[in-house]
Structures are given as structure tokens and as C-alpha cells.
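To keep things clear, I will list the structure first and then write my remarks on it.
2 protein chains.
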Amino acid sequence: MSLLVVGSMAFDSIKSPFGEVEKVVGGSATYFSIAASYFAPVRLVSVVGRDFPRRTIDKLSSRGIDLRGLKIADGETFHWKGYYEYDLNTAHTVRTDLNVFRDFVPDLPAEWRDTPYVFLGNIDPRLQLDILAQVRNPRIVALDTMNFWIEKSPQLLREVVRNVDVLVINEAEVRQLTGEFNLVRASRMLMDMGPKRVVIKRGEYGVLHLSDGEIFAAPAYPLETIFDPTGAGDSFAGGFMGYLASRGTRELAERDYRLATMYGSAIASFTVEAFSTERLEALSRDDIAMRVSSFRSLTEFRV
Amino acid sequence: MSLLVVGSMAFDSIKSPFGEVEKVVGGSATYFSIAASYFAPVRLVSVVGRDFPRRTIDKLSSRGIDLRGLKIADGETFHWKGYYEYDLNTAHTVRTDLNVFRDFVPDLPAEWRDTPYVFLGNIDPRLQLDILAQVRNPRIVALDTMNFWIEKSPQLLREVVRNVDVLVINEAEVRQLTGEFNLVRASRMLMDMGPKRVVIKRGEYGVLHLSDGEIFAAPAYPLETIFDPTGAGDSFAGGFMGYLASRGTRELAERDYRLATMYGSAIASFTVEAFSTERLEALSRDDIAMRVSSFRSLTEFRV
């Protein structure tokens, strides 16, 4: 089934202990859509400036990602500049230039309104609400956000949270959003607001996936070389939602959500092996299946 | 088979966001031996002052813990004072009074020299070497240490590391000991020094267990109330080594080490539910088995 994503397409300038890159292609919708395209047909809603490389757009298109919702606006593409120290779990923002995102109003193609799976990537909650108002009876809506919006637009963000099925956010954001340090209690607070599931991204520590009565813990893949964690969370979400969308029309069960978590984790583990989308876009179905199977060896024990 | 532990017995004064206690019973050998006593006969080597409660000694003894290696010395018991903030993964030391530990020379009862399983708890590497010099052909020797000794006695500590089979240390200590941030690479550096396995304790994120060619990742149990993480690492080690010692004389395989990791994790998850050894000492075999089985539900996924 089809999967709609709204989020950023961006240039990232990143410094990490392993190197430095200037204005490489990034953004939540970019990572998400490439990751999800291994599993399901993706519809992308975003905006870029005239400076965004045509080559990237063609590449996304050639993956079957439907770009009718991508606006090419006068002005410059969104730009994030940041760095990581040895603790790759923490991104330090140096500068955020919203550029063409400042005046972006997403306009959903009429034939996309019935898309069954929707991912609201990490952008202004105002835009996330815009999309929510335009879709009709989606099966699953998932949401990501970040500290910037939790601080800047807490009311709007709460409005979005109330109207989604799954939160896919990181550990620090769960705590900031709820004011509760304990993740089990914090997740219950979030589920009381509306969502049925909270998927907590913990970087190199993996994922904690909570729903009513069930908790699933997935480790991150212990890699020997992590070049750049940028995009790991969005790739995770892309693999996660992509897998769910690939399950067709039948009712989704805990088992599906767990496997979706593992597919997301597998995809994310490739993303961090290189800067930008370099590794992510070069995967085979076999690479992904083998990584999921490595995750099983990584976690399996028998009494 | 029997299991020997050398480590501290102590008074702990602890402040956490959930309460404050003054001079409660603690220490690495205390937590370790209670945890291990659920699985195997334990022999304890340590020293306390005359102020240490007779009641606790009787309690350990009644659990079948052999205390012939416990010295009661003139002077005061070792005392640790510290606090935790909301991040329970980090213990902040306010004061360490070595007291009777300052002049302690461990003297192994002659009939203990052939103990097959040995745990060198977190104490002065000089004492750990003393014990190593007194045991004969142990099957498995495991070692714990902490930042204090890594900084104070790096040479002696390296000497100990070279002579043990399993390191059971926490994430920050692995990094400090090797100067390498990546845990996979750091573990390989440690295994190059001698140990065949590195078991990395990551607090609320669980355990990463590395050996040549195998990695096993176990989550921590996601608890809703964590009162006091003190002793979690030592309880983990006690359950881990206790389980291995309970396997009898047959060759230990990866499967045994993985299950030992889960038993250790189960025991540790109880310890943190209360201050001191309160919860740890009140477990049934059923409690432990059920927690291990909860860990399976927590991590299981099917492709």
C-alpha cells in the first residue's frame, strides 16, 4: 500500500570525528523516502530551492518515489549545519536556515488524499497539521519531531500528537515532551494523549517500542565504523513504516510492528556507515534481509 | 561448582531522586554473593570493621555463603557516599573511606585454592593480583573494576586484565581503559590483551557481550520504578557467574554465556527496585525464571 511522507529535504553540513562534509543532500523526507522505497510505493511532500541538485531528484524518481508533491520554489534549500563529537548520539546544531521552508504550504495532490500510511517527518507542526487536515481516514499516521518544535510550538505539537497513531521520537524528546524521565511512565503519558504506540529511538542503544501491554526492545547493530549518524532516525522510520505499508490490507499485529522495528533498525544501521545517503541508496533486498537475520543472532538466547 | 568472590563489603550512603539512605549495607562482594547464591555455593573473601552488622553476616551465612574468607578487623567498615540524579546511569562519588580496606591482605583458606570459578570484584588491583596468585587453575576468572583504579593503578590493573578470562565492566570504563570510543573496537583491543570475553554493562541500556566472532546484545528490563541502581552491576555479575558455575563440569558454550547474561540481567533488574539488598535477597527461583522469560518476550521477533 502507498505511504505518504511530508518532511524536509535539505543540505547538511556536518563535522564528525571521522570527517567533514559541506552541503551534502539530507533532510528527513529524503532519508525516509529512500529507506521506505525498498518496501512500498512512496509519495513525497516537500519543498526545495532552485539550488537543489536535479540529479538527486532524478534519483528519487527512478526509485519509484512519486514526487508530484515536491515543490521547487524560488530561493535556497533548507540548510542544517551541525557537528558530532565522539558521542554520536548527540547532534549539536550550529545553524538552521529554514529558507524555502519558511513560507511552505503543503498542497496534497487530490489523488493522494486517501493514502493509507502517512509519516509526518520532523518539520513545523503547523505543516504536519496541514497534512492531517488533507488526508482521509488513513490506516496509520506516524509522527516524528524534535526539541526545536517542542520548545517553539508546544501547543500545536500537542494537537498533532493527539491525532496520530504512532510516535517515532528519540529518548531525549520523550523526556522533554512529558517532563518524565522514566521512559515507561513517559510513554504511558504519551499514549494517554492519543497514540497507540511510542517508538523510542535511542541511537547506539537501539529502540524501545511500547504499546498497551507490550514492550519490545531492539538493540542497535554494533558497528565498528559509524561515520555519520545523520539520517539514522529517518531511515529507521522509513524502514519501519515501509514494512508496515508492505503488509497489505490485513490487520496489523504486534508481530508486524516488531518486525517493522527490525527492518527499520537494519536500514538505519546501513545509513550511518557513510555520509549522506550514499550507503542507504545502494542496498539490495539481500543486504537488508541479511542484516535483519544478523539482528536475530545478536539477540537470540535459549533457556 | 563453587564460586569465589573477592570484593568490598561496605556501608553506602546514597541520595537519589527517590530518596536518601544513610549507611545501608552494600559493597561489590555483598551484592555479588547474594545474587550468585541463587545458583551456586559461594565463597566470600572480604574485610569489614567491627561496626558491620552481625545480622547481615548471619544472613549471608544462612544463604549458604561460606564466610571463612571474611576478616573482621579493628576499625571501621569501608564507606561509600554518593548520589544519583535523574540519569541513574551515572553514580557521583562524594566520598570514599577505605578504612579497614587500606591494610587488607586477603588470605585464601587453603581448601579454597582450587575453586573453579573466581570473581575479582571492584577493589584494588593489588588485592586482585593477590588472589590470582593464590588460586590454582581456575576454569573461569572474571574481573570488574572502576575509573578510580583505571586512573590510580593502570599498570597493576593491566597485569590483572592480562590474566583473566572475562571482563565485566561498564561502558565508560571500557572506553577509559582503551582510549577507544567504539565498543566493538575497544573490546577487540581488550581481548588482544588476554580475556576471551568482554561483557559491557550499559545500565538502563542493558549489556553488550562480545567474544571472538560473536556479539550478544541484551536489553535492560524496562522498569517503571528504579529506586537505586547501586549494586546492579555486581548483582549482574553474581547472576552471570553463578549461572556459569551451576553448569557443572561440561564445556561452556556461547549458549551458556548468553543465558548467564540473561540471568545476570534478571537479577540486576530486581536489585534496582529497592535500596540496598532489600529486594535482591527476597527472591524466589520462580521470580528469577519469570523475569528471564519476560526478557524473552521483550526481545523476541519472528521473520
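Going line by line, the protein sequences match chains A and B. Numbers 1 to 303, taken from the numbering used here, label the letters of the first sequence in order. Numbers 1001 to 1303, taken from the numbering used here, label the letters of the second sequence in order. C-beta atoms are modelled at their ideal positions from N, C-alpha and C, and glycine is treated no differently.
Check: Do alanine 1186 (chain B) and proline 219 (chain A) come within 8 Å of each other at the CB atom, strictly closer than that value?; Outcome: no
Check: Taking a cut of 8 Å between CB atoms, which residues from the stretch 177-189 of chain A lie near chain B?; Outcome: Phe181, Asn182, Leu183, Val184 and Arg185
Check: Kindly indicate which residue of A:Asp212, A:Tyr221, A:Pro195 and A:Val161 has the alpha-carbon position closest to the one of glutamate 204 (chain A).; Outcome: A:Tyr221
Check: Counting only C-beta atoms, is threonine 944 (chain B) closer than 8 Å to chain A at any point?; Outcome: Summary: the structure shown does not reach residue 944 (chain B), with chain B confined to residues 1001 through 1303, and so no result is reported for it.
Check: Taking the Cβ atom as the reference point for each residue, do serine 1252 (chain B) and tyrosine 1117 (chain B) lie within a distance shorter than 8 Å?; Outcome: Residue identity differs from the one stated: residue 1252 (chain B) is leucine in this sequence, not serine. Cβ distance not < 8 Å, so leucine 1252 (chain B) and tyrosine 1117 (chain B) don't count as in contact.
Check: Would a check of beta-carbon distances place leucine 1208 (chain B) closer than 8 Å to chain A?; Outcome: yes
Check: What residues from chain B crowd round alanine 232 (chain A), counting only those whose CB sits closer than 9 Å?; Outcome: The premise fails here: alanine 232 (chain A) is roughly 16 Å from chain B at the closest Cβ pair, so nothing lies under 9 Å.
Check: How should serine 1062 (chain B) be labelled, buried or exposed, when 16 other C-beta atoms within 10 angstroms of its C-beta is the threshold for buried?; Outcome: exposed
Check: Could you tell me whether any Cβ in chain B is nearer than 8 Å to the Cβ of tyrosine 205 (chain A)?; Outcome: yes
Check: DSSP has tryptophan 1080 (chain B) in a bridge; who is on the other side?; Outcome: B:Asp1012 and B:Thr1096
Check: Tell whether a beta-carbon distance below 8 Å holds between valine 42 (chain A) and aspartate 12 (chain A).; Outcome: no
Check: Please confirm whether phenylalanine 1148 (chain B) has its beta-carbon closer than 8 Å to some beta-carbon of chain A.; Outcome: no
Check: In terms of residue numbering, what span does the beta strand (DSSP E) encompassing lysine 201 (chain A) cover?; Outcome: 197-201
Check: Give me the Cα-Cα distance between alanine 1237 (chain B) and glycine 1264 (chain B), rounded to the nearest whole angstrom.; Outcome: 6 Å
Check: Please name the residue, chosen from B:Arg1126, B:Ile1215 and B:Arg1139, that lies closest to arginine 1113 (chain B) on a Cα-to-Cα basis.; Outcome: B:Arg1139
Check: For methionine 1262 (chain B), which residues in chain C fall below 7 Å Cβ to Cβ?; Outcome: Going by chain labels, chain C is absent from the structure shown, which instead holds the protein chains A and B.
Check: I'd like to know whether the C-beta of isoleucine 215 (chain A) is nearer than 8 Å to at least one C-beta of chain B.; Outcome: yes
Check: With a cut-off of 8 Å on the beta carbons, I'd call isoleucine 131 (chain A) and valine 6 (chain A) a contact; round off their distance for me.; Outcome: 5 Å
Check: To test your reading of the DSSP string, which unbroken alpha helix (DSSP H) runs of 4 or more residues are found completely within the stretch 1217-1291 of chain B?; Outcome: 1232-1245 and 1254-1271
Check: Quick one: which chain A residues come within Cβ less than 9 Å of leucine 1223 (chain B)?; Outcome: Asn182 and Val184
Check: Return the residue from the list A:Arg247, A:Val45 and A:Tyr84 that minimises the CA-CA distance to aspartate 107 (chain A).; Outcome: A:Val45
Check: Residues of the stretch 270-285 of chain A in Cβ contact with chain B at a cutoff of 9 Å, in chain order, please.; Outcome: none
Check: Quick test of the definition: if touching needs 3 or more C-beta pairs under 8 Å, does the stretch 1269-1289 of chain B touch the stretch 1227-1243 of chain B?; Outcome: yes
Check: Out of A:Asp51, A:Ile57 and A:Thr56, which has the shortest C-alpha to C-alpha gap to glycine 75 (chain A)?; Outcome: A:Asp51
Check: Given a cut-off of 8 Å on the beta-carbon distance, is the pair leucine 167 (chain A) and leucine 190 (chain A) in contact?; Outcome: yes
Check: Have a look at arginine 212 (chain A) and aspartate 1097 (chain B) and give me their C-alpha separation to the nearest angstrom.; Outcome: According to the sequence displayed, residue 212 (chain A) carries aspartate and not arginine. Distance between the alpha carbons of aspartate 212 (chain A) and aspartate 1097 (chain B): 47 Å.
Check: How should aspartate 144 (chain A) be labelled, buried or exposed, when 16 other C-beta atoms within 10 angstroms of its C-beta is the threshold for buried?; Outcome: buried
Check: Report the CB separation of arginine 1197 (chain B) from tyrosine 1257 (chain B) in whole angstroms; it is logged as a contact under 8 Å.; Outcome: 7 Å
Check: By Cβ distance, which residues of its chain are closer than 7 Å to proline 109 (chain A), with the 5 residues on each side in sequence left out?; Outcome: Arg68 and Gly69
Check: Which residues in the same chain have their Cβ closer than 6 Å to the Cβ of serine 1028 (chain B), if we skip the five residues on either side of it in sequence?; Outcome: Gly1007, Ser1008, Gly1121, Asn1122 and Asp1234
Check: Please list the residues of the stretch 244-262 of chain A that have a C-beta atom closer than 9 Å to any C-beta atom in chain B, keeping them in chain order.; Outcome: Arg255, Arg258, Leu259, Thr261 and Met262
Check: With a 10 Å radius around its C-beta and 16 neighbouring C-beta atoms as the bar for buried, classify glutamate 281 (chain A) as buried or exposed.; Outcome: buried
Check: Which class does phenylalanine 1119 (chain B) belong to by DSSP, given the choice of helix, strand or coil?; Outcome: strand
Check: In chain A, what lies closer than 8 Å to arginine 1202 (chain B) by C-beta?; Outcome: Tyr205
Check: Which one or two residues does DSSP pair with serine 46 (chain A) in a beta bridge?; Outcome: A:Leu70
Check: I need the DSSP call for leucine 108 (chain A), collapsed to helix, strand or coil.; Outcome: coil
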